[in-house]
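Structure first, commentary second.
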Amino acid sequence: KIHIALFGNPIEHSLSPLIHKNFSKEIKINYNYNSFLCTKSNFFVIVKNFFQNGGFGCNITVPFKKKSFQISNKNTKYVKISNSVNVLKKSSNNNIIGYNTDGIGLIYDLNRLKYITENSFILILGSGGAVYSIVYHLLKKKCCIFILNRTISKSCILVNKFKKFGKIFVFDKNLYTKKFDIIINATSCGLYNFSPKFPKNLIFPNTKCYDISYSKNKKLTPFLSTCRDLGSRKYSDGLGMLVAQAAYSCYIWFNILPNIKKNINLLKSII
Ligand code: ATR
Numbered sequence: 008k009i010h011i012a013l014f015g016n017p018i019e020h021s022l023s024p025l026i027h028k029n030f031s032k033e034i035k036i037n038y039n040y041n042s043f044l045c046t047k048s049n050f051f052v053i054v055k056n057f058f059q060n061g062g063f064g065c066n067i068t069v070p071f072k073k074k075s076f077q078i079s080n081k082n083t084k085y086v087k088i089s090n091s092v093n094v095l096k097k098s099s100n101n102n103i104i105g106y107n108t109d110g111i112g113l114i115y116d117l118n119r120l121k122y123i124t125e126n127s128f129i130l131i132l133g134s135g136g137a138v139y140s141i142v143y144h145l146l147k148k149k150c151c152i153f154i155l156n157r158t159i160s161k162s163c164i165l166v167n168k169f170k171k172f173g174k175i176f177v178f179d180k181n182l183y184t185k186k187f188d189i190i191i192n193a194t195s196c197g198l199y200n201f202s203p204k205f206p207k208n209l210i211f212p213n214t215k216c217y218d219i220s221y222s223k224n225k226k227l228t229p230f231l232s233t234c235r236d237l238g239s240r241k242y243s244d245g246l247g248m249l250v251a252q253a254a255y256s257c258y259i260w261f262n263i264l265p266n267i268k269k270n271i272n273l274l275k276s277i278i
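When we follow the working numbering, the leftmost residue of the sequence shown carries the number 8, and every step to the right adds one.
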């Protein structure tokens, strides 16, 4: 049997094992997908042991995506840019290769929802690993990005790193003149069940609000519920992105891409 794992913290509520169970049936490849709760101090050892004991590949989630960059001894160009890894695979010559499928997962979902076009004007909340994973693909789509983060110095570092790839700026409410097409919450606030603070006057009925985190039981995430209360009529959580990044992970391991739309609908009907 092929062993795939998920490493992160927290991990117990993750939907990834369920998503991969569905993929495994669909693509007819029998693989295990087990999740492992790690701590900062045992993360490297656990992942190393996994690969030494025959592990085939894994997903890495919060808060270890940046650390994983130090495990892989070969990385894709995009991982080198973002310094963030969410997929590892052991190659035939025993290299551990690092990939990141969050960016393409997000673009897939924003396209599916018809939220994004070339040149979309986007505000991103946050400046952590999650944002590093997604901005490159948005810039490649020629979007214009503004970053708003609680700690401004972190937004400045991020903007300086990515400005050579396109239009990306630190958000300044005093210079704000144009309506955003999309507002993306990429902070970790959802994990703690609250919405990040942002200026209320940025939300209009046609502002598309997207939360890269997701909720179960058909409940809105705190960020989306805030946006709805402020008048947005178009909003979505990151369930589609989750399924899409998982499908692209599957493609990396097995060279087969599961049907993403079908799996989003399937997951929505189960949870
Ligand atoms: P991730 O890998 O999920 O991005 P991270 O690197 O720890 O995790 O980043 C968390 C992001 O959520 C950061 O942008 C953080 O803001 P700071 O840079 O100011 O720490 C943001 N965040 C976390 N808690 C927050 C809060 N209570 N209010 C606003 N932003 C918060």
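The beta carbon of each residue, even a glycine, is placed where N, CA and C say it ideally should be.
A distance below 7 angstroms between beta-carbons, with the five flanking residues on each side excluded, links Y115 to the following residues of its chain, in chain order: A251 and I267.
DSSP, reduced to helix, strand and coil, places I277 within a helical segment of the structure shown. Within the chosen limit of 7 angstroms, ligand 1 reaches the beta carbon of P203 through at least one heavy atom. The Cβ atoms of L145 and I164 do not sit closer than 8 angstroms to each other. Following the DSSP letters along the chain, one finds L227 in no alpha helix (DSSP H), marked with neither H nor E. When DSSP reads this structure, V94 sits in a beta bridge with N66 and Y106. Note on geometry: alpha-carbon atoms of V177 and F261 lie some 39 angstroms from one another.
Within the stretch 180-209, complete beta strand (DSSP E) segments of at least 3 residues are found at 189-192, given in chain order. Residue environment: N41 is assigned as exposed (fewer than 16 neighbouring CB atoms within 10 Å of its CB, all protein chains considered).
Listed as beta-bridge partners of Y40 by DSSP are I11. Three or more beta-carbon pairs separated by less than 8 angstroms link the stretch 71-90 to the stretch 46-60, which places the two stretches in contact. Relative to ligand 1, even the nearest heavy atom lies 7 angstroms or more away from the CB of N66. Comparing alpha carbon positions, the residue from G62, Y106 and G136 closest to S256 is Y106. Per DSSP, the continuous alpha helix (DSSP H) segment holding F261 begins and ends at L246 to F261.
Counting along the chain, the unbroken beta strand (DSSP E) around I131 starts and ends at F128 to L132.
No heavy atom of ligand 1 is found nearer than 7 angstroms to the CB of K47. F153 is bridged by DSSP to L130 and F176. Burial state of P206 is exposed, judged by a 10 Å Cβ sphere holding fewer than 16 other Cβ atoms. Closest by C-alpha distance to T46, out of F71, N37 and K171, is F71. Here DSSP, grouped into helix, strand and coil, assigns C234 to helix. DSSP, reduced to helix, strand and coil, places S243 within a strand of the structure shown.
In the three-state reduction of the DSSP assignment, N82 falls in the strand class. Cβ atoms of Y217 and F172 stay farther apart than 8 angstroms, at about 21 angstroms. In this structure, DSSP gives Y115 a helical state, which the three-state scheme calls helix.
Beta-bridge partners of K215 (DSSP): I189 and K241. Annotated as distal: T124 and N93, with beta-carbon spacing of 8 angstroms or more.
T233 sits away from D244, with the two beta carbons spaced by 8 angstroms or more. Between K180 and K215, the CB-CB gap reaches or exceeds 8 angstroms.
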